[in-house]
Amino acid sequence: MTENSYDTIVVGGGMAGLTATAYLARAGQKVLLLEKNSELGGLVNSFTSDGFLFDAGVRALESAGIILPMLEDLNIRLEVVSSPVSLGIEDQVLHLDGPDSLPRYSDFLKKLYPASAAEIDTLLRTIGQIMKYMDVLYGVENPVFKDLRRDRKFIFKKLLPWLPRFLLTIGRINRMGYPVEDHLNASVSDPALRDIISQHFFKGTPTFFALSYFSLYLDYFYPKGGVGRLAEALRDKILALGGEIRTDTTVTGVAPAAKTLTDSHELSYRYASLIWAADLKTLYRLADIQGLEPSAQAGFSAAKEKMLSHRGGESVFTLFLKVDAPLESFGRVAHGHFFHTPSRRGLGETHRGELRDLLRDFDRLGKAEILAWLDRFIALNTFEISIPGLKDPSTAPPGKTGLIVSFLAEYELFHKVEEAGWLEEFVAAIEERVIKVLADSVYPMLKDKLLGRFSFTPLSIHNRIASSEGAIVGWEFSPDLPVINQIQRADRSVFTPLPDVYQAGQWAYSPAGVPMSILTGKLAANGILKARKKT
Numbered sequence: 001m002t003e004n005s006y007d008t009i010v011v012g013g014g015m016a017g018l019t020a021t022a023y024l025a026r027a028g029q030k031v032l033l034l035e036k037n038s039e040l041g042g043l044v045n046s047f048t049s050d051g052f053l054f055d056a057g058v059r060a061l062e063s064a065g066i067i068l069p070m071l072e073d074l075n076i077r078l079e080v081v082s083s084p085v086s087l088g089i090e091d092q093v094l095h096l097d098g099p100d101s102l103p104r105y106s107d108f109l110k111k112l113y114p115a116s117a118a119e120i121d122t123l124l125r126t127i128g129q130i131m132k133y134m135d136v137l138y139g140v141e142n143p144v145f146k147d148l149r150r151d152r153k154f155i156f157k158k159l160l161p162w163l164p165r166f167l168l169t170i171g172r173i174n175r176m177g178y179p180v181e182d183h184l185n186a187s188v189s190d191p192a193l194r195d196i197i198s199q200h201f202f203k204g205t206p207t208f209f210a211l212s213y214f215s216l217y218l219d220y221f222y223p224k225g226g227v228g229r230l231a232e233a234l235r236d237k238i239l240a241l242g243g244e245i246r247t248d249t250t251v252t253g254v255a256p257a258a259k260t261l262t263d264s265h266e267l268s269y270r271y272a273s274l275i276w277a278a279d280l281k282t283l284y285r286l287a288d289i290q291g292l293e294p295s296a297q298a299g300f301s302a303a304k305e306k307m308l309s310h311r312g313g314e315s316v317f318t319l320f321l322k323v324d325a326p327l328e329s330f331g332r333v334a335h336g337h338f339f340h341t342p343s344r345r346g347l348g349e350t351h352r353g354e355l356r357d358l359l360r361d362f363d364r365l366g367k368a369e370i371l372a373w374l375d376r377f378i379a380l381n382t383f384e385i386s387i388p389g390l391k392d393p394s395t396a397p398p399g400k401t402g403l404i405v406s407f408l409a410e411y412e413l414f415h416k417v418e419e420a421g422w423l424e425e426f427v428a429a430i431e432e433r434v435i436k437v438l439a440d441s442v443y444p445m446l447k448d449k450l451l452g453r454f455s456f457t458p459l460s461i462h463n464r465i466a467s468s469e470g471a472i473v474g475w476e477f478s479p480d481l482p483v484i485n486q487i488q489r490a491d492r493s494v495f496t497p498l499p500d501v502y503q504a505g506q507w508a509y510s511p512a513g514v515p516m517s518i519l520t521g522k523l524a525a526n527g528i529l530k531a532r533k534k535t
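Each residue of the sequence shown is one higher than the one before, starting from 1 at the first, in this note's numbering.
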């Protein structure tokens, strides 16, 4: 075996790993990034197929006071365009074009649910208040990405005046950490309306996080050439700064006492510090704690038990469509980022109680019963639809359009179907039903203009990015999450019980997303650099 020594090794080439590596390289460290796939970015990734550009994970980005300041701090230029959002229910479509969209959203809901007008007013007041909280929360560039020793103007003109409002707002936000389902159950009597508002959120999503969506929609942006340009820009910066990247490399062992790790190529590496920016359960399964102090072993064992007892959050099913119809025909329906619900009835118990029963009784159910459930599930669901060409026309061949259609999906269902031996048939059935629902509602051109289709399932996500349960935002929401979930404690989220081992990314903080992945990557890098100064 060949051994290589590094100041820091970063495992996982998603946004957290890329960010940490870039900052460590800028600080002059000898740093190595290891990524299991041939491409970087994790869920921030784009690819082409027959001239169509598709985004494999996130469809647009929200700076959250983090992404754009990070790019500026690293002197990375990224050409971006706005990514406006439309909301659709049945044949009604609302285009969100600014803060004045909120009263139009109220009218939109009242037209569909006139008996709930008073409750809609109350709900929209709450959303409006949360929008004000968001303005405070992201009111300045995150100071983690500022040089506070030199930028005195930022400190005195922005940071200090903002800080009291931030602390007050954080208290209010923390009081809204209960599940959005609980909030809606208490404030909205029509179950269909409750579903329409909440069914495209993960189960148990904190109320503040869920109802802040309206504010986030107004700030979405899209890198020209696809969201993957963000990962590519960080990759290029790392290489320019002298950092090292190895793809197609899976870590197979970690020995914290010896500060070594091994990979799938039978290579061994020595590190002074390690950042684990990949699936956190994998670290706890791989780490060999022999040789550590008894207190460190006990702390690790307790953390491991807690980590492995929790599940990843829900996953997604994503359908990619190539259509022989011009972008304009789709642009007349909605913006390039479109949340569409073909029925105002809502999912009800279809994706909760019925799915739970289906999974429990799966072995005795026939295909017909499972497909009958699928019919209901697809007909009542909410779809996130992205059309890259409506944001950047160069991403589709002339006269043609590429669509990305996603919805929340349960990993365990796909796993059971795969074990039963009919996964390919099941996936085809989903694709056909989604296409029919969209063709019968907003996109009739899908009936006879479809050139091709393919899809990613929760199993695809699990296999490609090694994400437990195919989760895309880290942990399933629960009262005792195994990681920190309060923004004022985010700086503590990167520490592990293992000496000189840090964690970062979607598994290090909850609820996660691209901005938090970037932030934890930077915080982990900061922790290492601070510790090195003390030695």
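Positions of the beta carbon are idealized from the N, C-alpha and C atoms, including for glycine.
At the level of alpha carbons, what is the spacing between residue i and residue j?
| i | j | result |
| --- | --- | --- |
| Ile537 | Ala490 | Nothing can be reported for residue 537: it is not among the residues displayed for the chain, which extend from 1 to 535. |
| Lys157 | Ile275 | 34 Å |
| Tyr23 | Asp151 | 18 Å |
| Thr252 | Leu286 | 7 Å |
| Leu292 | Gly12 | 24 Å |
| Asn526 | Ser394 | 38 Å |
| Leu423 | Ala118 | 46 Å |
| Asp55 | Gln290 | 42 Å |
| Asp219 | Ile518 | 18 Å |
| Leu538 | Glu72 | Residue 538 is absent from the structure shown; the chain starts at 1 and stops at 535. |
| Glu412 | Phe154 | 48 Å |
| Lys400 | Ala233 | 28 Å |
| Thr8 | Pro161 | 37 Å |
| Ser493 | Met445 | 48 Å |
| Gly331 | Pro84 | 12 Å |
| Ala16 | Gly521 | 4 Å |
| Asp115 | Phe339 | The displayed chain sequence assigns Ala, not Asp, to residue 115. Approximately 23 Å, taken between the alpha carbons. |
| Leu230 | Lys436 | 34 Å |
| Arg104 | Leu123 | 14 Å |
| Tyr284 | Ile461 | 20 Å |
| Met1 | Arg26 | Confidence is the limiting factor: at Met1 the pLDDT is only 41, short of 50, which leaves the residue's position unreliable and the question unanswerable from this model. |
| Ala192 | Gln92 | 16 Å |
| Glu79 | Glu305 | 44 Å |
| Val368 | Ala379 | The residue asked about is misnamed: residue 368 is Ala in this sequence, not Val. C-alpha separation (whole angstroms): 17 Å. |
Could you have a look at residue i and say whether DSSP puts it in helix, strand or coil?
| i | result |
| --- | --- |
| Gln92 | strand |
| Arg246 | strand |
| Ala56 | coil |
| Thr48 | strand |
| Ser106 | helix |
| Trp373 | helix |
| Phe477 | coil |
| Asp263 | strand |
| Tyr502 | strand |
| Thr8 | strand |
| Gly13 | coil |
| Met1 | In this predicted model, Met1 has a pLDDT of only 41, less than 50, meaning its place in the structure is not dependable; the value taken from the coordinates is given anyway. Residue state, collapsed to three classes: coil. |
| Gly521 | helix |
| Thr252 | strand |
| Tyr509 | strand |
When you compare each of the options to residue i by their alpha carbons, which one comes out closest?
| i | options | result |
| --- | --- | --- |
| Val316 | His200, Leu359, Phe221 | His200 |
| Tyr138 | Pro256, Ala118, Thr169, Thr126 | Thr169 |
| Asp288 | Leu261, Ser268, Gly313 | Leu261 |
| Trp410 | Arg229, Thr19, Leu459, Gly243 | Correcting the residue type first, residue 410 is Glu in the shown sequence and not Trp. Residue Leu459 is the option with its Cα nearest to Glu410. |
| Ala372 | Ile404, Val323, Ile430, Asp279 | Ile430 |
| Phe208 | His183, Leu355, Val188 | His183 |
Buried or exposed: residue i, going by 16 or more other Cβ atoms within 10 Å of its Cβ?
| i | result |
| --- | --- |
| Glu425 | exposed |
| Asn75 | exposed |
| Val535 | Residue identity differs from the one stated: residue 535 is Thr in this sequence, not Val. Looking at its Cβ environment, which holds fewer than 16 other Cβ atoms inside 10 Å, Thr535 is exposed. |
| Lys259 | buried |
| Phe454 | exposed |
| Val417 | buried |
| Gly513 | buried |
| Ala242 | Checking the sequence shown, residue 242 turns out to be Gly, not Ala. It is exposed - the Cβ of Gly242 has fewer than 16 other Cβ atoms within 10 Å. |
| Asn185 | exposed |
| Gly389 | buried |
| Pro69 | buried |
| Ala334 | buried |
| Thr48 | exposed |
| Val405 | buried |
Does the CB of residue i have a neighbour CB from chain B at under 8 Å?
| i | result |
| --- | --- |
| Pro114 | Considering every chain present, this structure includes no chain B. It has just one protein chain. |
Continuous alpha helix (DSSP H) assignments of at least 4 residues falling wholly in the segment 146 to 224: 160 to 174, 180 to 187, 191 to 198, 207 to 211, 213 to 217
Whole runs of the beta strand (DSSP E) within the segment 317 to 357, excluding any shorter than 3 residues: 337 to 341
Length-filtered (3 minimum) beta strand (DSSP E) runs lying within the segment 358 to 419: 383 to 386, 401 to 409
Within the segment 445 to 494, ranges of the alpha helix (DSSP H) (whole runs, at least 4 residues): 458 to 465
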